[in-house]
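Worksheet for the structure shown next.
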Amino acid sequence: MKKPQIICQSCSMPLKQDPQGGGKNANGSISDEYCSFCYHKGKFTQPDITVKEMQQFLKSKLKDLGYPWFVASIFAMRVKKLKRWKK
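Going by the numbering used here, the first residue of the sequence shown is number 220, and it counts up by one from there.
Listed below in structure tokens is the structure:
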């Protein structure tokens, strides 16, 4: 049995903080890997976004939420290690 992820494997948002409980798979079930902001109906909501663009988006969002720049930078650096971005 596959272990559910703790964070979104696209943006690194803690899945427990997702207001929708997670993204939706194609069959309507809740994804245990991706948040509702990144994944809907079995597809990524921004299919053409690059890892660099996701990192910039994440840094900007965390700064807007009041996190210090160094914390935002650390989280953004980790994005490239998530499942979606591994080659």
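No residue lacks a Cβ here, since even glycine has one placed at the ideal position from N, Cα and C.
Please read these numbers as outputs of a predicted model, since none were measured by experiment.
- DSSP places Ile293 inside the alpha helix (DSSP H), whose first and last residues are 288 to 297.
- A Cβ-Cβ contact shorter than 8 angstroms links Gly242 with Cys254.
- Out of Ile226, Lys262, Gln275, Phe263, the CA that lies nearest to the CA of Ser292 is found in Gln275.
- DSSP lists no bridge partner for Phe256.
- The criterion of a C-beta distance shorter than 8 angstroms is satisfied by Phe294 and Leu277.
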